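Residue numbers (UniProt numbering): 1 to 289.
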């Protein structure tokens with residue numbers, strides 16, 4: 001263990017949760033929880049000074065909360081270590097975006113980011129074919145099983161009651177139920193198929209259009225037109241706005257708001273406003289072209 005200026009004991013090293021899950025959970029549960037004052041001090045060090053050591057301490061002290069959230073997704077049959085790892089990514093994104101002036105604790109802000117990363121992982125891996133792509137479908141995917149009172153098919157009345165609870169339509173409820181109860185079919189025909197068996201394997205009738213020459217030419221033409229429209233729209237901006245967009249979005253080594261604020265001797269919020277205004281001008285110019 002090592003001690004920093006916040007007097008918090010942190011492990012010198014921490015293995016990934018997938019290596020030894022029990023040891024990982026035991027270790028993160030021993031990391032002390034920050035007080036509100038310590039958290040604010042660390043958050044300000046990272047927010048204003050980009051102090052990476054402060055960011056690391058914020059992440060480490062909240063790893064136990066990721067474990068707690070990840071446990072609620074155990075019913076999907078996915079490795080607990082992977083769920084925790086995805087949640088940790090969400091926690092790091094939350095720390096990166098956390099503003100200590102918002103007046104809330106980091107854990108309250110981070111819950112959304114942690115769950116969002118875990119949701120994406122579950123949807124990507126629970127089935128080979130994606131079954132939830134819209135906001136309503138995602139809501140149903142993560143709530144339908146707990147709202148069903150039995151394993152039997154939903155009646156129209158039950159579907160409508162769930163729809164009312166989740167603010168979706170009864171049709172969407174029934175569609176998601178069908179997706180959740182469907183099975184994954186093999187892409188190719190089974191080896192014991194004989195000549196009399198109808199050839200219904202997806203490999204025999206699904207067409208791959210990814211490399212169709214006409215489609216590739218169309219995509220290349222669209223990309224070229226979009227690139228030309230973007231350059232034309234960028235040319236209409238003033239030098240400062242164009243440089244801000246270039247540095248914030250187009251360069252490989254992107255600049256932060258604070259770096260640009262120091263360069264132009266203005267506040268980070270002013271850079272954010274200039275960036276937003278420039279983006280709106282770009283959007284308007286490209287839609288008119």
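Here a beta-carbon is modelled for each residue, glycine too, at the ideal position from N, C-alpha and C. As the structure is a computational prediction, the values presented were derived from the model and not from experiment.
Open item on the list: At the level of alpha carbons, what is the spacing between residue 83 and residue 77?
Closed with: 10 Å
Open item on the list: Please classify residue 249 as buried or exposed, where buried requires at least 16 neighbouring CB atoms within 10 angstroms.
Closed with: exposed
Open item on the list: Taking the beta carbon of residue 62 as the centre, do at least 16 other beta carbons fall within 10 Å, making it buried, or is it exposed?
Closed with: buried
Task: Check whether residue 118 and residue 70 have beta carbons under 8 Å apart - done: yes
Open item on the list: Taking its Cβ as the centre, do 16 or more other Cβ atoms sit within 10 Å of residue 171, making it buried, or is it exposed?
Closed with: exposed
- [ ] Pull up the distance between the alpha-carbon of residue 1 and that of residue 37, whole angstroms please.
- [x] Caution is warranted here: a pLDDT of 38 is assigned to residue 1, below 50, making its placement in the model unreliable, and the coordinate value is therefore given only provisionally. Approximately 22 Å between the Cα atoms of the pair.
TODO: Put residue 261 into one of helix, strand or coil per three-state DSSP.
DONE: helix
Task: Candidates 44, 161, 107, 114, of which the one nearest residue 101 by Cα - done: 44
Task: Euclidean distance between Cα positions of residue 252 and residue 277 - done: 22 Å
- [ ] Along the alpha helix (DSSP H) that carries residue 55, what are the first and last residues, could you check?
- [x] 52-60
Open item on the list: Classify residue 104: buried if its beta carbon has 16 or more other beta carbons within 10 angstroms, exposed otherwise.
Closed with: exposed
Open item on the list: According to DSSP, simplified to helix, strand and coil, what is residue 251?
Closed with: coil
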